[in-house]
Every structure is written in structure tokens, then in C-alpha cells.
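0 is the number that the working numbering gives to position 11 of the sequence shown; each next residue is one higher, with no gaps.
See below for the structure under consideration.
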Amino acid sequence: MPLKETIRVVQSGQRRIKLFVDFWNVVINARNQSKMFDIDVKWDALAESLVTETRQGYFDETTGELAGCYIFGSVSKSNGQEAKFVERIIDEYGSKPGLFFNFAERVAKQTSVSCSQCGEPMKIRSESGVDVLLAVEMIKHAAMREHEYLGLVSSDRDFVPLLSYLRDQGQRVLHVATGSPDREIRSITWTQISLSEHYPRLCRVRGDGYIILTAPPCANELEQVLDAAPVPRDEIQVIDVTKRDQIADKDLTFLLRNLGLSWKMADEDAYNIYSGYYATDDLSELRQRISDGSVKGNLPYVLRDGMCEIHFNGHNSSYPWIRIAGSDANKRWWKLYDK
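Okay, structure coming up:
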């Protein structure tokens, strides 16, 4: 059967998508979101989000469904740190429904070209990636008639011939740019979206130990937290969000959006003035307002291993501290809750 004939919608009302992901292309661009923090991609959230992106407007009543998310990457056995990172990702996400990880050993390849000046042969070393494997799998799945959309998650321009071929075959391909959108790729795909604005909600801060976000007006509450902390003070990283020498704009922007922090004017009850997203429009103003106390939020805000554990709940004197991490947080912070 010609490949063109395989793109008909097999199940009316369905919006099934198969995703093909360039692992390192996503990881590297995600890590570029912050210099201060280690960033991890939430691969299940990424797949779920991209299924939602295929919805054609408010009146689209089709049912979005992930028909498979195939993630391709290479790993160097000689790089122990990289190998452990890949193993951790597979251990954490390999059992998630619909996620399939395919890692091949990264093999150095050597090619020879002639020098443009003297004509003598030159040896060039590079690393063979998994582009071919991803392309072959994408073409194979295109013929399986199990989807309404195919999705390519990569900004690697080596995939332009593949996308052109799939377009000529009538396949509807969603291109997900991991960095800046590409004009040529946009012109040969069904639609294109960029992950640039989505990284904060599709990633998480990965860290060891405790980080406390605070500001000058929260000095008393900060002392309460430090006194009650389950670890010594010198093992806690305290960050004043109003000071650029402690957290740069780029890192604060990511953190505000990632954590979804909310803020309110000091003389208002509802948290409806600033959100973690819109507050980053003018960080200088926000920093100043937090510093002078005209804007308040849930500071101090305590992160443990990159996840929120507790935060101050200043607008409710009956329950001044909110626990996020479950009953275990009560055990760790019993001094705080025992007051």
C-alpha cells in the first residue's frame, strides 16, 4: 500500500499522535533555561502537553491520545556521569505508559576531506548520532495507520529531508522546535510550536539539599525556618530574590514560572496582581516591590531536592505555614509545626 494511503483517519473523532524525540536536543535546550540550577525534563508532561497542542481550537471535540512517544539518544560509555544521568532518566520514566526510550552507544566516526588550500587529505572526527535511527522509525510508523499526527521534537536541520518526504506523502507532521522556530521547517510541516515558552512547566529544578527563597521583609519568618530546619544552617542555600548578585534575572524568570509563585499587593486580600508568569515582564519592578514590602508572596519558600516542601502563608494567621510535601514534611519540620 502506498504511504499516502495510510494517512486517512482510522477512527473518527480521534486525535492520536506519535511523537519522535531527539533526547539531547531537548535536554540541552532545557538546561539553557538556567545557569544557576540543574534542570530536568519531565518527559511524561512533555508528551501530554504536545498531545494537547494538536487540538484545533476551542470547538475541536476530538479526543487527544498519545499513540507512543519514542525518545532517541546516544550515550558515551566512557563518560560515567552521562551514563548515570541516562540510567536515572530510564529508571524514573521508563515505566511511564507510552514512553519508549532508545539509547545507542555513541560511536566516534572519522571522515577524510581534502584541504581547500593544499589539497592534502585531512581527518575530521565527529560523533555518529541517532538521526538515522529516528528517521527510519518515523517512516516505519508513518505506514502503520495508527495515528492522525506525527510529531518531531527536535531543532536539528538534518531532519529537513525527512520532513519534506513525509509532507509529500501527505502525512500531518507537528514540528516541535526545541529552540527558536525555523522558517524552512515551518513551511514543510503541518504546524509548528516552540518549547521556549513551555520549558518552565515541562521541567523541574533538580538539586540536592535545601534551598530557601526569601526577601528582606521576611527576616523574622526566615529565622523561624532556619531554627526549625532539619539540617544545619550551613547546609541550606538561602537566596534573596530581590538581589541580582544572588539570583540573576534569567534564573529568577525560570524559577518564578516553574514554581508558579503568586504575589499580591500588600493592601489586597487576593493573589490576583502578579503570577509566576506575568511577574517576569518587569523583574526590576517586581524585585523592588518585594524588597520594599509593597508586594507580598509566599516567602520564605522552601525547596527540598528541587521540589517545594513548605512555604509561608502570611495571609492566614491560623495556618502560617503550608506543607506541600506530605506528612513526611511534618516529621522533618516538627519544630515549626509544634509552635
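Positions of the beta carbon are idealized from the N, C-alpha and C atoms, including for glycine.
| Asked | Found |
| --- | --- |
| Is I236 helix, strand or coil when you go by DSSP? | coil |
| Would you list the one or two residues that DSSP bridges to K253? | K285 |
| Under a three-way DSSP split, which group does M25 fall into? | coil |
| Apart from the five residues on each side of it in sequence, which residues of its chain come closer than 8 Å, Cβ to Cβ, to G196? | F26, D27, L292, D294 and G295 |
| For G83, does the count of other Cβ atoms within 10 angstroms reach 16, so buried, or fall short, so exposed? | exposed |
| Are the beta-carbon atoms of I200 and Q235 separated by less than 7 Å? | no |
| If you drop the 5 nearest sequence neighbours on each side, which residues of the same chain put their C-beta closer than 6 Å to that of I279? | A204 and T231 |
| If you follow the beta strand (DSSP E) that D199 is part of, which residue opens it and which one closes it? | Reading off the sequence shown, one finds Tyr at residue 199, where the question assumed Asp. Its beta strand (DSSP E) spans residues Y199 to T203. |
| Taking the C-alpha atoms as reference points, what is the distance between S143 and D171? | 11 Å |
| Quick one: what's got a C-beta closer than 7 Å to F12's C-beta in the same chain, skipping five residues either side? | I60, F61 and G62 |
| For Q160 and Y138, what's the separation of their Cα atoms in angstroms? | 7 Å |
| Which residues in the same chain have their Cβ closer than 6 Å to the Cβ of I174, if we skip the five residues on either side of it in sequence? | H164 |
| Using only alpha-carbon positions, find the residue among I128, W32 and L215 that is nearest to F90. | W32 |
| Would you tell me roughly how many angstroms separate the C-alpha atoms of G53 and E274, rounded to the nearest one? | 41 Å |
| How should N18 be labelled, buried or exposed, when 16 other C-beta atoms within 10 angstroms of its C-beta is the threshold for buried? | buried |
| Can you have a look at L245 and say buried or exposed, based on whether 16 or more other CB atoms are within 10 angstroms of its CB? | buried |
| Relative to the alpha-carbon of A36, which residue among Y188, C297, V64 and N247 has its alpha-carbon at the smallest distance? | Y188 |
| So D238 and L202 are supposed to be a Cβ contact under 8 Å. How far apart are they, rounded? | At roughly 15 Å, the Cβ-Cβ gap does not stay under 8 Å, so D238 and L202 are not in contact. |
| Out of H136, V121 and L123, point me to the one whose CA is closest to G57's CA. | H136 |
| Between which two residues does the beta strand (DSSP E) harbouring H164 extend? | V162 to A166 |
| Quick check on M133: does DSSP put it in helix, strand or coil? | coil |
| So the candidates are E224, D270, E81 and A318; which of them puts its Cα closest to the Cα of L241? | D270 |
| Anyone know if the C-beta pair for A166 and S183 falls short of 7 Å? | yes |
| If I measure Cβ to Cβ from K85 and keep anything under 8 Å in the same chain, skipping five residues before and after, which residues do I get? | W32 and D33 |
| Grab me the residues of D317's own chain with a C-beta within less than 8 Å of its C-beta, minus the 5 sequence neighbours each way, in chain order. | none |
| Which of helix, strand or coil does DSSP assign to T178? | coil |
| In angstroms with no decimal places, state the Cα-to-Cα distance between L215 and V194. | 22 Å |
| Are the beta-carbon atoms of W310 and L288 separated by less than 7 Å? | no |
| Just to confirm, are E224 and G249 a CB contact at a threshold of 7 Å? | no |
| Check this for me: beta carbons of W323 and I299, under 7 Å apart or not? | no |
| For R222, which residues of its own chain have a beta-carbon under 8 Å away from its beta-carbon, when the five flanking residues on both sides are left out? | L215 |
| What is the DSSP secondary structure of Y290, reduced to helix, strand or coil? | strand |
| Indicate the three-state DSSP secondary structure (helix, strand or coil) for Y59 in the structure shown. | strand |
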